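4 protein chains.
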Amino acid sequence: MSVLIRNGLVINATGSHAADVLIEGEHIAALVTPGFEVQADEVIDAAGKYVIPGGIDVHTHMEMPFGGTQSADTFETGTTAAAWGGTTTIVDFAVQPKGSSLLSTLDKWHSKADGNCAIDYGFHMIISDVNDASLKEMESCIAAGVNSFKMFMAYPGVFYATDGEILRAMQKARETGATIMMHAENGIAIDQLVAQALANGLGDPVQHGLTRPPELEGEATSRAIQLAKVTGSPLYIVHLSAAQALDAVTAARDTGQNVFAETCPQYLYLSLEDLARPGFEGAKYVASPPLRPKEHQSSLWRGLRTNDLSVVSTDHCPFCFKDQKQLGLGDFSKIPNGMPGVEHRVDLLHQGVVKGEITRERWVEIASTTPARMFGMYPRKGVIAPGADADVVIYDPAATQTISAETHHMAVDYSAYEGFDVTGKVDTVFSRGRKVIADGAYHGSTGHGRFVSRDLNQYLV
Amino acid sequence: MSVLIRNGLVINATGSHAADVLIEGEHIAALVTPGFEVQADEVIDAAGKYVIPGGIDVHTHMEMPFGGTQSADTFETGTTAAAWGGTTTIVDFAVQPKGSSLLSTLDKWHSKADGNCAIDYGFHMIISDVNDASLKEMESCIAAGVNSFKMFMAYPGVFYATDGEILRAMQKARETGATIMMHAENGIAIDQLVAQALANGLGDPVQHGLTRPPELEGEATSRAIQLAKVTGSPLYIVHLSAAQALDAVTAARDTGQNVFAETCPQYLYLSLEDLARPGFEGAKYVASPPLRPKEHQSSLWRGLRTNDLSVVSTDHCPFCFKDQKQLGLGDFSKIPNGMPGVEHRVDLLHQGVVKGEITRERWVEIASTTPARMFGMYPRKGVIAPGADADVVIYDPAATQTISAETHHMAVDYSAYEGFDVTGKVDTVFSRGRKVIADGAYHGSTGHGRFVSRDLNQYLV
Amino acid sequence: MSVLIRNGLVINATGSHAADVLIEGEHIAALVTPGFEVQADEVIDAAGKYVIPGGIDVHTHMEMPFGGTQSADTFETGTTAAAWGGTTTIVDFAVQPKGSSLLSTLDKWHSKADGNCAIDYGFHMIISDVNDASLKEMESCIAAGVNSFKMFMAYPGVFYATDGEILRAMQKARETGATIMMHAENGIAIDQLVAQALANGLGDPVQHGLTRPPELEGEATSRAIQLAKVTGSPLYIVHLSAAQALDAVTAARDTGQNVFAETCPQYLYLSLEDLARPGFEGAKYVASPPLRPKEHQSSLWRGLRTNDLSVVSTDHCPFCFKDQKQLGLGDFSKIPNGMPGVEHRVDLLHQGVVKGEITRERWVEIASTTPARMFGMYPRKGVIAPGADADVVIYDPAATQTISAETHHMAVDYSAYEGFDVTGKVDTVFSRGRKVIADGAYHGSTGHGRFVSRDLNQYLV
Amino acid sequence: MSVLIRNGLVINATGSHAADVLIEGEHIAALVTPGFEVQADEVIDAAGKYVIPGGIDVHTHMEMPFGGTQSADTFETGTTAAAWGGTTTIVDFAVQPKGSSLLSTLDKWHSKADGNCAIDYGFHMIISDVNDASLKEMESCIAAGVNSFKMFMAYPGVFYATDGEILRAMQKARETGATIMMHAENGIAIDQLVAQALANGLGDPVQHGLTRPPELEGEATSRAIQLAKVTGSPLYIVHLSAAQALDAVTAARDTGQNVFAETCPQYLYLSLEDLARPGFEGAKYVASPPLRPKEHQSSLWRGLRTNDLSVVSTDHCPFCFKDQKQLGLGDFSKIPNGMPGVEHRVDLLHQGVVKGEITRERWVEIASTTPARMFGMYPRKGVIAPGADADVVIYDPAATQTISAETHHMAVDYSAYEGFDVTGKVDTVFSRGRKVIADGAYHGSTGHGRFVSRDLNQYLV
Ligand SMILES: [Zn+2]
Ligand SMILES: [Zn+2]
Ligand SMILES: [Zn+2]
Ligand SMILES: [Zn+2]
Ligand SMILES: [Zn+2]
Ligand SMILES: [Zn+2]
Ligand SMILES: [Zn+2]
Ligand SMILES: [Zn+2]
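Chains as they are written, first to last, in full-length UniProt numbering: chain A, 1 to 461; chain B, 1 to 461; chain C, 1 to 461; chain D, 1 to 461.
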């Protein structure tokens with residue numbers, strides 16, 4: 001089975017050019033100049049449209065256990081929603097419970113995802129328990145295609161790792177070439193502020209933002225950078241939200257240190273004002289780090305232009321407003337942390353193109369190419385090139401749409417972007433050569449998505 | 001006529017992948033997965049070799065008038081040497097003499113190059129005379145495919161532009177989208193130091209370096225950046241040599257300002273010690289800015305990694321040691337400024353890959369892709385993609401060679417890199433589909449090279 | 001004749017303590033613990049009041065030639081007004097006309113001031129003409145007690161010095177220990193903006209501010225710092241007004257370079273909004289550098305706290321609104337540059353104490369002690385200590401007053417601070433032991449003030 | 001009883017002047033111009049000598065419990081040695097044991113010192129146990145004249161405070177005006193490196209330095225600064241040793257934050273090379289933070305000039321080489337941390353004057369005036385002024401001496417500065433008017449020294 005996409009504008013990270021793209025089976029077989037004669041079973045006319053590598057969202061949490069509940073999207077619903085939004089690969093987090101092993105954790109996550117995904121998926125590993133055994137197991141994880149390990153400087157008693165544990169894991173990363181991913185907030189100090197707010201009877205959602213000052217994200221980011229410097233480990237800061245943290249990353253990158261960072265659409269478009277919406281409405285916007293005052297947004301866009309922010313992921317971790325978010329009514333610290341977003345990342349970033357914040361090439365780079373390079377999937381993913389997986393999106397830059405929970409495909413009862421008018425829309429999506437979205441309908445199948453065994457970071461400076 | 005390059009590793013700026021490359025006529029017609037069936041008149045086996053976009057050297061001075069003499073390479077000899085070294089496009093400088101017009105200058109340079117070049121070429125324009133007429137003419141230059149304008153903060157009475165003149169040209173650049181290129185040294189202060197050295201009887205070549213302290217390059221760089229900020233003009237710093245200047249560029253780039261910089265191989269590999277060689281030997285190494293103390297080199301390599309240095313060009317401006325350099329015997333200020341290098345840039349940068357300073361993708365990016373984007377030639381140049389000019393180099397990463405004036409092809413009687421042992425060597429070079437270097441021989445022809453009419457900077461942040 | 005000031009709080013730069021101060025003749029003879037028995041001809045009770053060293057204003061322009069006119073205050077009126085405001089020493093600028101010698105200039109200024117001053121005075125020298133002779137004369141100036149030399153990076157054709165001339169003067173400063181004072185604005189670039197504004201028919205006073213962007217003060221400040229670094233010269237930036245310039249000074253000071261800066265009350269209290277007052281009213285606020293947007297003020301106050309700004313002077317250079325300022329009606333570039341202020345500096349800075357911006361010790365330091373150290377007058381001036389000149393001010397921190405042209409003593413027909421309500425007021429002023437202000441009346445005499453031959457900078461880091 | 005010190009050069013922080021100093025009883029009664037007639041019981045001729053405020057060492061540990069032992073100097077021997085060296089006030093640390101109260105701790109330290117000191121003394125409080133009770137007790141400490149509280153980011157299980165505990169104590173400091181003093185090393189990460197070194201059989205003293213990399217001091221310093229920023233607390237970094245930490249302090253101070261730092265003579269004069277001395281000799285130099293590579297020294301001297309380092313204290317904490325240091329033979333982590341120095345601080349800093357690193361005024365400022373202001377003792381201490389305590393040192397700047405354990409007065413069997421030749425020597429020392437050192441002999445008495453109840457920090461920016 002072969003498909004020829006004709007007359008589109010192929011966009012890669014360094015530039016755009018008119019070319020026809022031939023898909024054969026699961027791969028891209030050829031790129032040819034428009035008009036060059038090529039045989040194909042099906043021909044699609046992409047005139048006036050973009051042909052881009054499928055989006056890669058390297059930070060999602062499908063059916064993640066949380067308290068007695070779990071995040072609202074299963075691997076099936078979440079990956080299907082991703083496909084609708086032009087994302088053809090996710091990298092989700094396997095979560096080591098304290099006291100268990102990394103490999104058994106990985107098995108567990110494989111069994112959750114296996115046979116249930118609409119698109120390809122990989123795993124990062126969250127290390128909750130640093131000890132000789134788990135450090136040793138990092139090697140096995142790498143052999144199994146999981147070579148990025150997330151740690152937390154927040155959530156003591158749950159995910160929190162001490163600086164000594166971080167140091168040890170970073171030493172192992174240095175030794176093996178793995179990348180340490182960091183949730184960088186000083187949770188020890190934050191928890192005091194949270195306790196004080198609650199003790200003072202301040203329980204509204206906005207307190208979630210006020211008790212997590214941006215300086216404490218900047219601090220933790222700096223600290224992680226210094227630990228990475230001492231050990232020589234690559235470091236990737238997840239969900240960077242604050243100008244202070246960006247400053248720390250920028251300074252480190254100027255010295256040539258292998259420090260990278262992602263931000264998320266919610267930090268680019270939403271703010272503390274949303275957390276402060278009347279009633280309990282703010283609960284919809286509770287995630288960590290919290291939404292920041294608006295003035296942080298322009299710093300983040302600038303960081304995307306300067307490449308001090310190299311990736312945009314969603315940190316997709318949906319909880320329904322009803323039943324789930326409402327666990328924290330009156331006590332913001334009990335609101336499940338997380339927001340939905342996997343379906344809208346590609347579109348929301350395209351607004352950056354529309355508004356002149358970034359070029360369309362940079363859009364492709366931060367949404368697909370750099371995620372692929374950073375997490376060892378290039379050139380299999382992240383580029384329109386012969387031999388690559390045929391993860392291809394035909395994108396209509398002129399179409400318009402309005403984001404709404406009524407029309408989205410994520411299994412959550414609200415949208416953080418309800419009513420946003422967006423220019424640009426996914427037209428057709430191929431996942432490993434299979435047309436999964438076309439003509440406004442889903443044509444994929446559960447279980448089509450396969451596990452992506454990833455190589456080491458290909459993006460080191 | 002078609003050629004198929006089989007089994008090579010195609011390297012682009014974001015990554016590498018195995019692919020076969022089909023050249024038809026002057027263009028790349030297709031990239032296909034290895035083994036995908038394609039018809040071609042000729043098939044070349046590139047197994048074990050790299051297939052890269054031809055090098056682009058955006059800073060050369062062929063047959064440049066200087067005093068009563070001119071630089072030693074003609075467009076013919078210089079572009080032929082470039083081809084030998086894997087460079088398939090140069091951008092040379094048309095030099096407005098004071099009192100003449102930009103367009104007549106451009107005509108003059110067209111007539112020098114037209115019919116004489118082995119490879120494609122473009123022009124930047126040096127503005128020596130800023131006035132209403134020449135500012136207006138910038139528009140005509142842009143229409144004629146010349147949209148980058150070089151100015152000098154040094155050489156009063158010759159090329160020097162005052163800060164007021166720079167401001168005016170930058171305002172025009174802001175208005176038209178052109179890029180201002182800057183020779184950033186505080187020549188007014190330097191000339192005092194030069195005069196003092198000569199008055200003190202210090203005439204040796206090393207004084208050339210000692211009278212141009214790196215702080216005065218840093219200063220001028222900062223000043224150009226501030227003028228660019230006030231006017232909103234894109235700015236490209238040429239031949240950056242000093243850590244102080246790099247610091248200024250880095251700080252500006254961190255703010256998202258459209259400031260870019262190139263360095264040159266001589267600043268990466270040679271140093272003030274070469275200027276201080278015994279006798280008059282140091283004259284071979286006289287160029288401006290001067291070679292710096294060795295400790296600047298690691299800063300420059302770091303800048304190449306962090307992209308605070310985005311391009312490496314040669315500032316190729318050869319003068320023979322005999323007759324030309326010797327004009328300055330006893331008075332270093334009379335030594336013609338400039339060094340040969342157009343033939344060795346690609347190889348010398350490949351040493352950075354060999355030594356682990358940069359990746360091979362970054363090698364391609366700084367030697368070809370970014371120059372093409374920065375100076376409006378992408379995707380025609382700078383990438384292996386269908387539709388692009390078939391400027392293709394097959395590069396053997398394992399071959400070795402020794403640089404020497406005895407074997408080089410530049411029309412100059414010495415090599416600045418005499419005796420350097422280099423790993424990696426050009427195997428075959430295509431210029432717009434024509435095989436110009438193959439089997440250790442030159443197969444090109446004078447006049448094959450065509451003028452490249454360039455678009456505006458495609459690399460703005 | 002001896003006077004004992006009892007029961008006051010003596011404030012010096014490092015702290016405050018209760019002490020009685022004995023003046024004998026022209027000097028302070030003793031500081032004693034309150035109650036320690038001392039004989040004196042007169043006893044003044046300063047209970048509830050501060051006893052501070054007299055203010056030192058190191059930047060004034062009395063009867064300064066400008067076009068066909070001169071600044072409105074003579075040495076007599078200007079120094080008398082200074083005395084009213086608690087300032088007991090000024091350092092004024094002798095202005096070398098192009099083509100004349102430094103020493104003849106100094107003679108001329110001596111003859112202007114000699115016998116006409118109410119308080120002590122010194123001179124800085126403005127070098128307009130840098131050549132072998134004037135550089136040599138710097139030595140004679142130093143021998144004559146004038147060891148600070150002001151240069152201009154603005155006003156081409158009048159005071160402007162090229163970077164080469166600045167370099168040469170700085171070399172001489174390095175050699176002799178003198179201090180270079182710099183008017184740091186890029187006047188070459190600014191003059192283009194001014195010409196463009198006028199060509200566009202924009203002639204109002206506010207254009208004075210808009211054509212001198214703060215980046216161009218920042219730039220010139222950085223440039224002066226680099227020239228000082230290359231030469232090893234001490235550098236003192238006069239009338240710093242912009243946050244960008246302060247940033248440059250701060251960065252240099254962090255490296256330990258001998259770079260210092262002053263600001264002026266107008267930059268702390270007034271802003272671009274005053275320049276934009278309706279009609280021609282803005283002309284009252286025309287000085288260079290121009291008043292800045294309000295947000296610069298908090299940076300300047302912070303600089304005063306961190307000592308990146310070490311001195312506050314007035315740049316007192318009054319021109320009457322009628323007749324003088326009106327020369328620039330319709331053409332802002334013809335408005336005489338300068339504002340009155342010598343009378344109000346001590347009071348205006350005391351508002352910084354009242355508002356909590358600075359401590360009272362810092363008030364004394366920036367108004368008196370550091371100026372004395374910076375310009376070689378300590379411990380003769382700038383401190384309440386035995387042996388010092390009895391330049392003593394008894395200051396009532398609780399008194400209130402309203403600034404107005406109707407009540408001020410400067411010979412100018414408007415006040416830049418008209419209607420400002422101020423807490424704190426001069427009670428009694430001694431100049432070299434002579435009571436010049438007391439009981440709301442002037443008791444001094446023209447010609448009491450003497451020339452202060454100054455030593456080298458005592459404040460170098 | 002009165003003493004008149006004639007003909008000396010009185011040095012204060014802002015300058016020097018010839019003056020006679022009259023001591024009456026415990027206080028300075030008058031400063032008078034030389035020759036001004038004053039009655040006194042005794043007259044001392046200080047011609048050719050300096051008259052300076054007595055040294056103030058704000059960081060000592062006399063008879064500090066450590067493991068089963070205690071630091072080698074008692075309050076008696078330590079304060080006597082201090083007097084010999086021109087120090088007339090120390091501020092020592094009361095050490096709260098976990099589980100005990102601050103006030104009982106303070107009582108304990110009062111009973112150790114009371115009646116045993118040769119000179120005046122104050123206390124800081126080390127908080128080992130942060131809880132509601134101890135936070136509340138901070139108020140009582142302040143009322144009792146102890147308003148500076150030291151915390152540790154190192155030594156888990158002993159002194160270590162979590163970031164949450166630090167935050168709480170800083171909130172209390174903000175509320176009360178107290179100052180938080182910080183031992184800034186990331187002890188959690190360091191302890192991993194220590195354990196790894198020991199596990200690898202690396203037990204020599206030099207490992208003490210190698211396992212505490214300067215980045216981890218820089219990191220902790222930055223972290224403390226951010227916590228101080230979030231809370232608004234004044235912060236004083238103790239014993240700063242690394243350039244990285246100084247950079248963090250400098251950056252904070254540039255923003256106007258109330259962040260201060262001290263260094264110690266050992267970091268200015270000794271280095272990692274001393275820790276690496278053959279055999280077990282390096283144990284003499286074990287203190288925390290460790291001695292650093294030599295290149296840090298010039299940064300520290302520069303910091304003293306720029307006032308980013310405001311104080312030099314000794315961290316005097318002597319342990320005898322025999323018996324005490326030897327507890328760590330074979331296991332560097334068991335070597336008691338600390339070095340002797342209280343006797344030599346004033347002399348060692350005077351070498352900075354001799355070598356041109358600092359002025360003699362700055363010498364007095366960092367050794368006496370700023371410590372007095374920073375810790376609320378000014379103008380009682382730290383200045384030669386009427387009303388001040390007569391803590392006066394007559395210092396002979398031309399005398400020479402050689403430091404040696406054979407001649408020093410500290411109760412410890414080695415000197416860290418053995419064999420150092422020093423220019424400058426204490427001649428006579430007054431403690432609250434009592435002559436304690438004169439004619440090369442000790443004339444003081446145990447118990448003369450009194451507790452100094454201190455006010456809040458008078459040095460805030
Ligand atoms: Zn997450
Ligand atoms: Zn140049
Ligand atoms: Zn950067
Ligand atoms: Zn050039
Ligand atoms: Zn001026
Ligand atoms: Zn600073
Ligand atoms: Zn002035
Ligand atoms: Zn200590």
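Backbone N, C-alpha and C fix where the C-beta goes; we use that ideal spot for every residue, glycine too.
Predicted model, so just to flag it, every value in this text is computed and none were measured.
- Query: Between residue 24/D and chain A, is there a C-beta pair that is closer than 7 angstroms?
  - Reply: no
- Three-pair Cβ contact test at 8 angstroms for the stretch 187-196 of chain D versus the stretch 155-175 of chain A: yes
- Go to residue 57/C, then tell me how far its alpha helix (DSSP H) extends in each direction, as first and last residue. Here residue 57/C belongs to no alpha helix (DSSP H); instead the beta strand (DSSP E) covers 55-60.
- Kindly list, in the order they appear in chain A, the residues whose Cβ is closer than 7 angstroms to that of residue 161/D. Correct list: empty, because the minimum Cβ distance to chain A is about 10 angstroms.
- Could you list the residues in the stretch 24-45 of chain A with a C-beta less than 9 angstroms from some C-beta on chain B, going in chain order? 24, 27, 28, 29, 30, 31, 32, 33, 34, 36 and 38
- Message: Measuring alpha carbon to alpha carbon, tell me which residue in 110/C, 231/C, 153/C and 6/C is nearest residue 212/C.
- Response: 153/C
- For ligand 7, is there a heavy atom less than 6 angstroms away from the beta-carbon of residue 315/C? yes
- Nearest-angstrom beta carbon gap, residue 381/D and residue 390/D [assumed within contact, 8 angstroms]: 11 angstroms between Cβ atoms; not a contact.
- Pull up the DSSP beta-bridge partners for residue 70/A, would you. 65/A
- residue 47/C versus residue 237/C - alpha carbon distance: 39 angstroms
- Any C-beta of chain B under 7 angstroms from that of residue 378/A: yes
- Item | Reduced DSSP secondary structure (H/G/I, E/B, other) of residue 453/A | coil
- For residue 127/C, does the three-state DSSP call read helix, strand or coil? coil
- Message: By DSSP's criteria, residue 272/C is part of a beta bridge. Which residues make up the other side?
- Response: Residue 272/C pairs with nothing; no bridge assigned.
- Quick one, are the C-beta atoms of residue 258/A and residue 461/A less than 7 angstroms apart? yes
- Query: Would you say the stretch 237-252 of chain B touches the stretch 217-224 of chain B, given that touching needs at least three Cβ pairs under 8 angstroms?
  - Reply: yes
- If you count every other CB in all the chains shown that lies within 10 Å of the CB of residue 172/A, and 16 or more means buried, which is it? buried
- Message: How far does the alpha helix (DSSP H) with residue 227/C in it extend, from its first residue to its last?
- Response: 214-231
- alpha helix (DSSP H) segments (min. 4 residues) lying fully within the stretch 293-355 of chain C: 295-306 and 345-354
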